[in-house]
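Colleague: Okay, so the sequence shown: first residue is 1 according to UniProt numbering, each after it adds one.
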Amino acid sequence: MTTEDELISRSIASENVIPPVQQPEATTSSQGLHDASINSGFPGSTSEESKKRKPSGRDNWVKNWDQKRTKREDYGIPREPRRPKKKVACLIGYCGTGYHGMQLNPPNRTIEGDLFDAFVKAGAISKDNSDDPRKSSLQRSARTDKGVHAAGNLISLKLIVEDADILEKINSYLPATIRLWGFTPSIRSFNCHTNCDSRVYEYLLPSHSFLPPRPTSTFAQFIISQNKDAGKPIQNWGGHDTSQFWDQVDVKILQISEEEIAAEEARIQSAVEEHGTQTHQVNARERIIRKLEMKEKRTFRITPERMQIVRDGFSQYLGSHNFHNFTVGMEYRNESARRFMKKITVSDPHNIDDTEWISVKIHGQSFMLHQIRKMVAMVVMIVRSGCPENRISEAYRPPKLAIPKAPGLGLLLERPIFEGYNKKATDNGREKIDFDQHDDQIEAFKQKHIYDKIYAEEKKENMYATRYIWRSDSRFHIFLSGLDSFPGFPYLTANGFPRTMETKAEELTLPGADDEEQAQDESDLKRPREEFEG
1 MTTEDELISR SIASENVIPP VQQPEATTSS QGLHDASINS GFPGSTSEES KKRKPSGRDN
61 WVKNWDQKRT KREDYGIPRE PRRPKKKVAC LIGYCGTGYH GMQLNPPNRT IEGDLFDAFV
121 KAGAISKDNS DDPRKSSLQR SARTDKGVHA AGNLISLKLI VEDADILEKI NSYLPATIRL
181 WGFTPSIRSF NCHTNCDSRV YEYLLPSHSF LPPRPTSTFA QFIISQNKDA GKPIQNWGGH
241 DTSQFWDQVD VKILQISEEE IAAEEARIQS AVEEHGTQTH QVNARERIIR KLEMKEKRTF
301 RITPERMQIV RDGFSQYLGS HNFHNFTVGM EYRNESARRF MKKITVSDPH NIDDTEWISV
361 KIHGQSFMLH QIRKMVAMVV MIVRSGCPEN RISEAYRPPK LAIPKAPGLG LLLERPIFEG
421 YNKKATDNGR EKIDFDQHDD QIEAFKQKHI YDKIYAEEKK ENMYATRYIW RSDSRFHIFL
481 SGLDSFPGFP YLTANGFPRT METKAEELTL PGADDEEQAQ DESDLKRPRE EFEG
C-alpha cells in the first residue's frame with residue numbers, strides 16, 4: 001500500500017520543484033498588526049520580537065498541522081474517511097513461547113504488539129491511529145510474563161468493527177499461536193482491569209517434582225543435618241514410593257561403561273566445535289548421569305498418599321492472606337500484599353507420553369508479580385523436604401523469606417472473570433463477557449498450542465553448552481537440580497522460622513533465577529504495580 005510520504009515524493013519528483021510558499025503581503029494597517037500579534041502570541045508584539053521568542057508547544061502543533069494540511073491539500077492526497085469506532089472487549093488466547101510477555105514493550109516482540117499490528121492491517125484501527133496504541137485506549141485485564149500462556153485473556157480498546165467479517169480478517173493476520181475468540185461491545189467507562197473480579201490460572205508440573213532430593217545432594221544433607229541437630233525426625237521424607245528410587249538410579253550409574261563415556265565425549269567435542277562455547281572441561285560421565293536421572297524421573301509415579309500431602313499444601317493458600325513473601329519488592333506492612341484465593345483444585349495425575357503430570361488450578365481475586373510461581377515452588381519444597389504444611393501459613397508473617405520461582409513454562413492464564421460487570425450488563429439488556437461460548441475452540445487451541453508445547457519443552461533431552469555449565473533444556477530438571485545444590489532454606493528444617501528472622505532473602509540468588517528475568521523484575525518494580533499485576 002502506498003504511503004502518504006511516497007505519494008508526496010512522487011508528486012515532487014514529477015514537478016522537480018517544491019511549490020513556493022505563498023508569502024503574505026506587507027501591511028501597516030491595524031488589521032495587519034492585529035494578525036501579527038495573534039501569530040506571535042503577545043498583544044502588540046512585532047515580528048522581530050516574535051522571532052526572538054522560543055516557540056511554544058502550540059506553535060509546534062500548529063506548524064505540524066499546517067505541514068500535514070499542506071501535504072494533503074497541495075498534492076491532492078485525500079484524507080482517510082472517518083469510520084465509527086466502538087469500545088469493545090476482545091477475548092483472546094495465545095501461546096507465550098517466543099514472546100517477551102503480554103504487554104507492549106518495544107522493541108521486543110509481545111502479544112499486544114502482534115495483536116495491534118493485526119488490528120491495523122485488518123482495518124479495525126485507522127492509519128491515523130496506528131502509530132500509538134494509546135489513541136485506541138488499549139487496556140488489559142491481566143498481564144502475563146515472558147513465555148507465559150493464556151487460554152483466555154481480555155483486552156479492551158476502540159475498534160472499527162462495522163465489517164461483518166472483521167473477526168476473520170483480524171485472525172488472518174495473526175500467527176496460529178494467537179487467536180481472537182470474539183469481541184463484546186462494552187460501555188465507555190469499562191475498564192477491563194478494574195472490572196475484572198478474579199482470575200483463574202493453571203499450573204502444570206511433572207509429578208517427579210515432588211520426589212525427595214538425592215540423599216547426597218547439598219539440599220538433602222542440609223535438611224538432614226539441621227533436623228538431626230534439633231533432635232527431630234523428618235516427616236514424609238521417604239516411603240515405599242521413594243525409598244528405593246535413588247538406590248535404583250545409583251545401580252544404573254555404576255553400570256555406565258567406558259564405551260558410553262567415550263561416545264559421549266565425542267558428542268561433546270562435536271557440540272563444542274559447532275557452538276564454540278566451551279570455557280572448561282566438560283565431564284562426559286556427569287552428563288550421562290544427568291540424562292539417566294531425567295529418564296528415571298519420568299518413570300516416577302506419585303502415590304495417593306503423597307498426592308494428599310500436595311493437596312494439603314495447596315489448601316494452605318485458601319482465603320485472605322498476606323502474600324508479601326510470594327512476590328518481589330513487597331514489604332509485610334504494605335496492605336496491597338493481602339490477596340484472596342477463592343478456590344484451588346489439584347487434579348489427579350495423568351500420563352502424557354512417558355511422564356506423569358499434575359494440574360493445579362488457582363482461582364484468586366488478583367495476583368502479584370510471580371506470586372503463583374512462588375506458591376507452586378513453596379509446595380514443591382515442602383513436600384520434597386518433608387517439613388509440615390503449616391510452614392506456608394507461617395510465611396504470611398513478617399520475616400522475609402527466600403522463596404524461588406517455579407519455571408514459567410508450566411503457567412497459563414485460564415481466563416479472567418467478570419461476574420459483577422456481567423450481572424449489570426444482563427440487568428441492563430447488554431451483552432455480557434462470556435468465554436464459555438468459545439469453549440470448544442479454546443480447548444482445541446489449549447491442547448495443540450499450549451499443553452503440547454509445555455509437554456514437548458519439558459521432554460527435550462538436548463544438552464547445550466553455556467558459558468558456565470552444560471545444561472538440559474528440561475526446565476523442571478534445571479529448577480530441581482538448582483534446588484538440590486542450594487545451601488539455604490533454613491525454614492524448611494525442624495528449626496522452622498525463628499532462625500530466619502535475619503535472613504537477607506532479597507540478596508540471595510535463588511535457583512531458577514534468570515539474568516534477563518531479574519532485569520525485567522527490576523524494571524517492573526519502577527512502574528506502577530497495577531501495570532504488571534493480574
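The beta carbon of each residue, even a glycine, is placed where N, CA and C say it ideally should be.
Since this is a predicted model, take the numbers as computed values, not measurements.
Output needed for E112: all residues of its chain with C-beta closer than 8 Å, excluding positions within five of it in sequence on either side, in chain order.
Modeller: Excluding residues within five positions, the ones whose Cβ falls inside 8 Å are M102, Q103, L104, P133, L138, R140, I155.
Colleague: By alpha-carbon positions, which one of R188, S189, K169, V346 ends up nearest to L180?
Modeller: Cα-wise, what sits closest to L180 is K169.
Colleague: Following the continuous beta strand (DSSP E) through N322, name the residue where it begins and the one where it ends.
Modeller: N322 -> beta strand (DSSP E) spans 319-322.
Colleague: How is the beta strand (DSSP E) around R415 delimited, first residue to last?
Modeller: First-last of the beta strand (DSSP E) with R415: 411-417.
Colleague: Is there contact here, the stretch 311-323 with the stretch 336-343, by at least three beta-carbon pairs under 8 Å?
Modeller: As far as the Cβ criterion goes, the stretch 311-323 touches the stretch 336-343, which means the pair count is three or higher.
Colleague: So F340 is in the alpha helix (DSSP H); what residue range does that whole segment cover?
Modeller: Run containing F340: none in the alpha helix (DSSP H); it sits in the beta strand (DSSP E), 338-346.
Colleague: Do you know whose CA, among S257, E286, K252, I256, lies nearest I268's CA?
Modeller: Of S257, E286, K252, I256, the residue nearest in Cα terms is E286.
Colleague: Measuring CA to CA, which of G488, H370, R301 is closest to Q244?
Modeller: It is R301 whose Cα lies nearest to the Cα of Q244.
Colleague: Taking only the alpha-carbon atoms, compute the straight-line gap between K453 and K361 and give it to the nearest angstrom.
Modeller: One C-alpha to the other measures close to 19 Å.
Colleague: Check the Cβ-Cβ distances between Q244 and every residue of chain B, and say whether any is below 9 Å.
Modeller: Given the protein chain composition of this structure (a single chain), no chain B is represented.
Colleague: Contact check, R83 vs E162 under 8 Å by CB: the rounded distance?
Modeller: 7 Å between Cβ atoms; contact.
Colleague: Does A456 pass the burial test, meaning 16 or more other C-beta atoms within 10 Å, or should it be called exposed?
Modeller: Flag for A456 reads exposed.
Colleague: Considering N171, what are the terminal residues of the alpha helix (DSSP H) in which it resides?
Modeller: Its alpha helix (DSSP H) spans residues 166-172.
Colleague: Hey, F489 and A151: beta-carbon distance below 9 Å or not?
Modeller: It is not a contact, given that the beta carbons lie outside the stated cut-off.
Colleague: Short of 8 Å in beta carbon distance, which residues of its chain neighbour K297, apart from the five on each side in sequence? Order them along the chain.
Modeller: If we look at K297 and ignore the five residues flanking it on each side, its Cβ neighbours are P206, H208, L211, H477.
Colleague: With DSSP collapsed to three states, give me the class of A402.
Modeller: Coil, per DSSP.
Colleague: Could you tell me which residues DSSP puts in a beta bridge with Y94?
Modeller: According to DSSP, Y94 bridges with A150, I178.
Colleague: How would you call G386, buried or exposed, if buried means at least 16 neighbouring beta carbons within 10 angstroms?
Modeller: That one is buried.
Colleague: Could you tell me how far apart the beta carbons of Y201 and E414 are, in whole angstroms, since I believe they sit closer than 8 Å?
Modeller: That pair is a contact at about 6 Å.
Colleague: Alpha helix (DSSP H) containing R373: first to last residue?
Modeller: Its alpha helix (DSSP H) spans residues 371-385.
Colleague: Taking the beta carbon of G96 as the centre, do at least 16 other beta carbons fall within 10 Å, making it buried, or is it exposed?
Modeller: It is buried - the Cβ of G96 has at least 16 other Cβ atoms within 10 Å.
Colleague: Run the CB neighbour count on S136, radius 10 Å, all protein chains shown included, and call it buried at 16 or more, exposed below.
Modeller: Classification of S136: buried, given that the 10 Å Cβ count is 16 or more.
Colleague: On the three-pair Cβ rule with 8 Å, is the stretch 308-315 touching the stretch 373-384?
Modeller: A contact exists between the stretch 308-315 and the stretch 373-384.
Colleague: L412 and I450 look like a contact to me (Cβ under 8 Å); what is the Cβ gap, rounded to whole Å?
Modeller: About 6 Å separates the two Cβ atoms, so the contact holds.
Colleague: Answer yes or no: do L369 and K342 have a C-beta to C-beta separation smaller than 9 Å?
Modeller: Their beta carbons are not under 9 Å apart, which means L369 does not touch K342 by this criterion.
Colleague: Alpha carbon to alpha carbon, what distance is there between M378 and G313?
Modeller: One C-alpha to the other measures close to 9 Å.
Colleague: For H100, which residues in the same chain have their Cβ closer than 7 Å to its Cβ, ignoring the five residues on either side in sequence?
Modeller: The answer, listed in chain order, is N108, R109, T110, K146.
Colleague: If you run the structure through DSSP and keep just helix, strand and coil, what is R298?
Modeller: Coil.
Colleague: Which same chain residues end up closer than 7 Å to G410 when comparing Cβ atoms and leaving out the 5 residues on each side of it in sequence?
Modeller: Cβ neighbours of G410 beyond the five flanking positions: Y203, L204, L205, I454.
Colleague: Report yes or no: do three or more beta-carbon pairs, one from the stretch 171-187 and one from the stretch 431-439, lie closer than 8 Å?
Modeller: Yes, the stretch 171-187 touches the stretch 431-439.
Colleague: Can you give me the C-alpha to C-alpha distance between residue 546 and A263, rounded to a whole angstrom?
Modeller: Nothing in the structure corresponds to residue 546, since the chain is present only between 1 and 534.
Colleague: Taking A122 as the reference, give the member of Y332, V328, Y173 with the closest Cα.
Modeller: Here the closest residue by C-alpha is Y173.
Colleague: Measuring only the C-alpha atoms, how far is V148 from G408?
Modeller: Taking the straight line joining both Cα atoms gives about 6 Å.
Colleague: Nearest by alpha-carbon distance to Q371: which of W357, T345, M330 is it?
Modeller: When each option's Cα is compared against that of Q371, the closest is M330.
Colleague: To which residues does DSSP link W246 through a beta bridge?
Modeller: None, per the DSSP bridge assignment.
Colleague: With H363 as the anchor, note down where its beta strand (DSSP E) starts and where it stops.
Modeller: That run of the beta strand (DSSP E) goes 355-364.
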